[in-house]
Amino acid sequence: MPIRILNTLTGTKEEFVSIKPNEVNMYVCGVTVYDLCHLGHARGAIIFDVIQKYFTYKGYKVNYVRNFTDIDDKIIKKAKEEGQDWKEIASRYIAEYYRDMDSLGVARATLEPKATEHITHMLKIIGILVKRGYAYQVPDGDVYFAVEKFPEYGKLSKRDLSELLAGARVEVDEQKLNPLDFVLWKRSKPGEPMWASPWGEGRPGWHIECSAMSMEYLGESFDIHGGGKDLIFPHHENEIAQSEAFSSGPYARYWIHNGFVNINQEKMSKSLGNVFTIRDLTKSFAPEAIRFFLLSTHYRSPIDFSYESINHSQRGLDRFYTMLLRLHDFLAQRRPDDASFPRKQERDLLTQDIHSFAEKRTEPKIRDDFISLLETQLGEFPVLFREAMDDDFNSALAISRLFDLLKVVNTVLDKSYELAKNAELRAVLAESLKTFLRFGQILGLFQMSPKAWFQTGKEQFEADLTPSAIEQTIEKRNEARREKNWALADEIRNDLAKKGIVLEDSPKGTSWKYKH
Numbered sequence: 001m002p003i004r005i006l007n008t009l010t011g012t013k014e015e016f017v018s019i020k021p022n023e024v025n026m027y028v029c030g031v032t033v034y035d036l037c038h039l040g041h042a043r044g045a046i047i048f049d050v051i052q053k054y055f056t057y058k059g060y061k062v063n064y065v066r067n068f069t070d071i072d073d074k075i076i077k078k079a080k081e082e083g084q085d086w087k088e089i090a091s092r093y094i095a096e097y098y099r100d101m102d103s104l105g106v107a108r109a110t111l112e113p114k115a116t117e118h119i120t121h122m123l124k125i126i127g128i129l130v131k132r133g134y135a136y137q138v139p140d141g142d143v144y145f146a147v148e149k150f151p152e153y154g155k156l157s158k159r160d161l162s163e164l165l166a167g168a169r170v171e172v173d174e175q176k177l178n179p180l181d182f183v184l185w186k187r188s189k190p191g192e193p194m195w196a197s198p199w200g201e202g203r204p205g206w207h208i209e210c211s212a213m214s215m216e217y218l219g220e221s222f223d224i225h226g227g228g229k230d231l232i233f234p235h236h237e238n239e240i241a242q243s244e245a246f247s248s249g250p251y252a253r254y255w256i257h258n259g260f261v262n263i264n265q266e267k268m269s270k271s272l273g274n275v276f277t278i279r280d281l282t283k284s285f286a287p288e289a290i291r292f293f294l295l296s297t298h299y300r301s302p303i304d305f306s307y308e309s310i311n312h313s314q315r316g317l318d319r320f321y322t323m324l325l326r327l328h329d330f331l332a333q334r335r336p337d338d339a340s341f342p343r344k345q346e347r348d349l350l351t352q353d354i355h356s357f358a359e360k361r362t363e364p365k366i367r368d369d370f371i372s373l374l375e376t377q378l379g380e381f382p383v384l385f386r387e388a389m390d391d392d393f394n395s396a397l398a399i400s401r402l403f404d405l406l407k408v409v410n411t412v413l414d415k416s417y418e419l420a421k422n423a424e425l426r427a428v429l430a431e432s433l434k435t436f437l438r439f440g441q442i443l444g445l446f447q448m449s450p451k452a453w454f455q456t457g458k459e460q461f462e463a464d465l466t467p468s469a470i471e472q473t474i475e476k477r478n479e480a481r482r483e484k485n486w487a488l489a490d491e492i493r494n495d496l497a498k499k500g501i502v503l504e505d506s507p508k509g510t511s512w513k514y515k516h
């Protein structure tokens with residue numbers, strides 16, 4: 001099944017067809033490095049990290065370019081405030097960016113260029129735009145792009161030029177021919193960073209930076225351009241205008257824009273003063289819980305942040321890691337009915353080709369309905385996962401499919417001591433473990449060991465609290481209850497509760513979970 005993308009440029013969901021067979025060239029606007037990243041930055045980085053991983057899973061070679069804007073008014077302002085060189089500010093916050101993204105499991109892009117390393121290419125583009133009449137220099141030395149010279153201006157944001165002019169909220173500059181004209185080259189003020197150019201010493205405008213870096217590494221026409229919805233206008237609109245005026249051809253074919261992270265229905269942004277930095281959030285929550293939270297809503301939809309919402313995501317991950325811990329523990333045990341069951345065979349079960357377990361049964365025992373159900377679910381899961389992700393990278397639906405599989409695996413684990421512990425049962429549970437790890441890797445989830453996950457929480461994992469040890473303790477409690485020894489039963493429950501294990505009694509028996 002082909003991948004379908006909601007293309008901002010056309011406003012329709014389109015089948016993805018790459019320019020080069022089996023190769024994806026993708027550019028995503030990176031951060032301006034003058035401060036710590038916030039949750040909004042995290043959302044974009046995580047979304048395109050997953051898109052990169054999913055294309056790779058589908059067999060594409062992915063050339064992913066994500067830039068750093070390392071020269072900007074905000075960087076210069078920060079440097080003046082702190083009495084440091086602007087280069088030191090940029091370098092420091094690039095390092096901080098990597099620290100945050102590493103904690104969130106965001107992989108490096110194929111290339112991560114810096115704007116200041118590509119001034120020469122920017123000057124080349126500006127020179128050609130001036131020569132062709134798309135750009136002009138004003139008396140104070142700045143060079144502007146003339147938007148009226150580009151007939152398709154507004155095609156990405158679906159805005160008419162006359163309407164834009166009527167409602168223009170742009171910086172007043174009487175030297176500009178049109179209020180919407182945007183700067184390509186800025187004359188530097190005394191004490192500001194500058195580079196030599198045919199129009200005098202200065203520095204590039206923001207928009208030209210991304211055009212130069214994307215075209216230098218991916219060519220004048222490439223597959224995907226991405227970023228947040230706030231970049232559609234004017235940044236990406238301006239990129240299209242200057243790039244296509246330069247190349248005389250189409251720029252990016254598919255445009256992907258992620259939605260905002262909101263606080264009380266307002267976009268999270270530094271200008272509004274409602275920012276939660278990644279650094280602050282990871283002091284209170286597991287980084288993977290933040291990732292899980294951001295992927296639990298479709299990337300195009302707005303997502304409303306609250307502490308409770310991330311708490312909810314953390315509890316959801318608890319359920320997955322508890323199940324993974326139970327799987328690890330079950331598969332590490334010898335069969336009680338066959339002490340000679342070889343350890344090597346157990347390890348081999350974890351390295352079988354996916355979906356091959358059904359053909360490798362070794363014992364002609366009557367199959368249990370629960371095993372049959374899980375085998376069916378495992379057979380269907382890759383298709384359901386791909387259907388979700390092929391439909392405009394619907395990570396929320398993909399996570400829902402993982403929860404569906406989780407429920408079935410837990411049911412089999414709950415029944416595992418009632419079922420015959422044969423090779424067939426072990427194989428289907430080993431395949432379950434492989435499935436969660438393999439597809440979780442695409443989303444950047446479940447990559448910690450279960451033990452490490454719970455140690456990261458409240459240090460609640462102890463050597464005597466493996467799932468089998470917990471279940472043996474529960475059986476002792478069940479025996480005490482059968483003998484009406486309520487004091488001992490309560491003592492066992494309370495002891496487990498102190499260790500972070502919650503028991504839930506029901507007519508069907510006693511289940512347990514970790515309390516994060």
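FYI, in the UniProt record's numbering the residues of the sequence shown are 1 to 516. Each residue gets a CB set at the ideal place from its N, CA and C atoms; glycine is no exception. As the structure is a prediction and not an experimental result, all values here were calculated from the model.
A direct Cα-Cα distance of roughly 57 Å separates residue 135 from residue 452. A Cβ-Cβ distance of about 6 Å is found for the pair residue 182 and residue 207, placing them in contact under the 8 Å criterion.
The three-state reading of DSSP puts residue 132 in coil, since its state is none of H, G, I, E or B. In this structure, the alpha-carbon of residue 386 lies about 14 Å from that of residue 15. Contact between residue 147 and residue 185 does not hold, since their C-beta atoms are separated by about 16 Å, which reaches or exceeds 8 Å. Apart from the 5 residues on each side of it in sequence, residue 392 sits with its Cβ closer than 7 Å to the Cβ of 4, 5, 6, 13 in its chain, given in chain order. When the five nearest sequence neighbours on each side are left out, the beta carbons in the same chain lying within less than 8 Å of the beta carbon of residue 118 are those of 209, 212, 213, 216, in order along the chain.
Residue 259 carries a coil assignment under DSSP once its states are collapsed to helix, strand and coil. Judged by DSSP in its simplified three-state form, residue 69 adopts strand.
In the assembly as shown, residue 163 is an exposed residue. Its beta-carbon has fewer than 16 other beta-carbons within 10 Å. Taking every protein chain shown into account, the CB of residue 376 has fewer than 16 other CB atoms within 10 angstroms, so this residue is exposed.
DSSP assignment within the stretch 228-290 yields the following whole beta strand (DSSP E) runs of 3 residues or more, N-terminal first: 252-258, 261-263. Within a 10 Å sphere around the beta-carbon of residue 322 sit 16 or more other beta-carbons, which makes this residue buried.
In its chain, beyond the 5 residues on either side, 79 have a beta carbon closer than 7 Å to the beta carbon of residue 85. Along the stretch 462-500, the alpha helix (DSSP H) occurs as fully enclosed runs of 4 or more residues at 467-482, 486-498, listed in sequence order. The residues 194, 201, 202, 203, in chain order, have a CB closer than 8 Å to that of residue 188 in the same chain once the five nearest residues on each side in sequence are set aside.
It is roughly 13 Å from the alpha-carbon of residue 41 to the alpha-carbon of residue 102. Fully contained in the stretch 109-162 are the following beta strand (DSSP E) runs of length 3 or more, in chain order: 135-137, 143-145. According to DSSP, residue pairing for residue 12 in a beta bridge involves 7. Per DSSP, the continuous beta strand (DSSP E) segment holding residue 202 begins and ends at 202-204. Taken through DSSP and simplified to helix, strand or coil, residue 446 comes out as coil. Inter-segment contact for the stretch 58-67 and the stretch 229-246 is absent: fewer than three beta-carbon pairs are separated by less than 8 Å.
For residue 182, DSSP records a beta bridge to 145.
Boundaries of the beta strand (DSSP E) around residue 28: 23-28.
By the Cβ neighbour-count rule, residue 314 is buried, with 16 or more other Cβ atoms within 10 Å of its own.
Counted as a single uninterrupted DSSP element, the alpha helix (DSSP H) harbouring residue 87 occupies residues 86-103. DSSP, read as helix, strand or coil, puts residue 505 in strand. A straight-line Cα-Cα distance of about 14 Å links residue 316 and residue 436. With the rule of 3 Cβ pairs closer than 8 Å, the stretch 298-308 does not count as touching the stretch 405-417. Nearest to residue 454 by C-alpha distance, out of 276, 286, 474, is 286. In the same chain as residue 1, and ignoring 5 residues on each side of it, the C-beta atoms closer than 7 Å to its own belong to 386, 387, 390, in chain order. For residue 152, the closest C-alpha among the options 249, 325, 262, 400 is that of 249.
Straight through space, the alpha carbons of residue 384 and residue 473 are spaced by roughly 38 Å. Residue 328 holds the alpha-carbon nearest to the alpha-carbon of residue 431 among 395, 403, 328.
Rounded to the nearest whole angstrom, the C-alpha separation of residue 125 and residue 175 is 22 Å. With distances taken between CA atoms, residue 403 lies nearest to 439 out of 426, 424, 439.
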